[in-house]
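In my numbering, the protein residues as written are 40 to 312.
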């Protein structure tokens with residue numbers, strides 16, 4: 040397992056986000072079928088839910104669930120990290136059943152944290168909704184008027200609550216799940232690695248995570264079908280960010296399986312680029 044207590048984590052900021060996104064795009068183009076099949080698992084039900092809620096004038100319900108989805112995304116992106124890890128080691132990309140059965144306990148624990156935060160968010164957001172609208176549907180919401188004004192106020196309070204929960208996710212999950220998959224680290228070690236990575240590279244990691252969250256939220260709200268391509272691209276890009284961070288710390292790919300060295304990752308990155 041990679042040592043994470045003495046890591047001088049420093050990322051080079053010049054062009055970093057563009058570099059990570061380019062890697063994500065290249066890896067998506069290399070495996071479009073399997074990438075989109077993973078995304079379809081939550082995009083297709085999401086489209087059905089969106090249609091039903093909008094048709095029944097519960098548009099703000101969809102906002103609550105879409106914002107909560109952002110809290111679950113780090114865990115839901117785990118299959119993409121499995122694929123990226125396998126590719127970086129020169130292995131065949133995994134199939135979905137195999138990924139589910141090989142999920143490390145640390146990732147399941149982190150998924151439980153994400154799920155708990157989602158439940159906190161959904162419960163509190165629906166309580167706030169009930170204060171404003173008594174769980175009633177809101178016909179004509181997008182035509183303004185009193186309902187529109189109250190909706191803006193609701194969104195303001197809900198956004199404040201969501202910002203607090205997002206801050207927790209910002210520190211815990213950006214690198215912990217890919218680190219647990221790539222390095223085989225335990226639950227605590229994965230969280231410590233992520234927290235240190237964020238804290239020591241806040242100038243670049245904070246905007247990066249904000250970009251991931253904003254892109255995910257906006258796609259979920261207004262263009263969910265694009266998630267079939269965008270979600271895997273963002274996951275692969277974040278994996279590249281993690282691997283760059285881990286390579287500088289000497290903690291990349293040392294615990295999960297042989298062949299996960301930084302040199303192997305660099306060779307694979309050159310091929311995808």
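Glycine is no exception: its CB is placed at the ideal position from the N, C-alpha and C atoms.
These numbers come from a predicted model, not from an experiment.
What would DSSP say about residue i, mapped onto helix, strand or coil?
i           : result
residue 54  : coil
residue 163 : helix
residue 305 : Caution is warranted here: a pLDDT of 47 is assigned to residue 305, below 50, making its placement in the model unreliable, and the coordinate value is therefore given only provisionally. Correct three-state label for residue 305: helix.
residue 177 : coil
residue 285 : helix
residue 142 : coil
residue 46  : Any answer about residue 46 is weak, because its pLDDT of 39 lies below 50 and its placement is not dependable; what the coordinates show is given next. In the structure shown, residue 46 sits in coil (DSSP, three-state: anything other than H, G, I, E or B).
residue 231 : helix
residue 155 : helix
residue 133 : coil
residue 128 : coil
residue 225 : coil
residue 198 : helix
Taking the CB atoms as reference points, tell me whether residue i and residue j lie closer together than 8 Å.
i           : j           : result
residue 63  : residue 273 : yes
residue 39  : residue 267 : The structure shown does not extend to residue 39, since the chain is modelled only from 40 through 312, so no value can be given for it.
residue 117 : residue 211 : no
residue 132 : residue 80  : no
residue 177 : residue 98  : yes
residue 106 : residue 195 : no
residue 76  : residue 113 : no
residue 230 : residue 120 : no
residue 67  : residue 111 : no
residue 89  : residue 70  : no
residue 371 : residue 59  : Residue coverage of the chain in this structure runs from 40 to 312, which leaves residue 371 outside it and unanswerable.
Check for me: the alpha helix (DSSP H) holding residue i runs from which residue to which?
i           : result
residue 81  : 71 to 94
residue 107 : 98 to 115
residue 215 : 215 to 222
residue 252 : 241 to 261
Leaving out five residues before and five after residue i in sequence, what residues of the same chain have Cβ atoms less than 6 Å from its Cβ?
i           : result
residue 109 : 252, 255, 256
residue 209 : 248
residue 278 : 120, 123, 217
Just to confirm my understanding: we take residue i, look at its own chain, exclude 5 residues before and 5 after, and list those with CB closer than 7 Å. What are they?
i           : result
residue 237 : 209, 210, 213, 244
residue 115 : 81
Short of 8 Å in beta carbon distance, which residues of its chain neighbour residue i, apart from the five on each side in sequence? Order them along the chain.
i           : result
residue 314 : It is not possible to answer for residue 314, since the shown part of the chain is limited to 40 through 312.
residue 167 : 193, 196, 197, 200
residue 306 : At residue 306, the pLDDT of 46 sits below 50, so the modelled position is not reliable; the number obtained from the coordinates is stated separately. Excluding positions up to five away in sequence, the list is empty.
Query raised in the report: With contact counted as at least three CB pairs below 8 Å, one residue from each stretch, are the region 157 to 167 and the region 117 to 132 in contact?
Result: The answer is no - the region 117 to 132 does not touch the region 157 to 167, with fewer than three Cβ pairs under 8 Å.
**Report entry** Cβ contact (3+ pairs, closer than 8 Å) linking the region 145 to 152 and the region 217 to 236
**Finding:** The region 145 to 152 makes contact with the region 217 to 236, as at least three CB pairs between them are under 8 Å.
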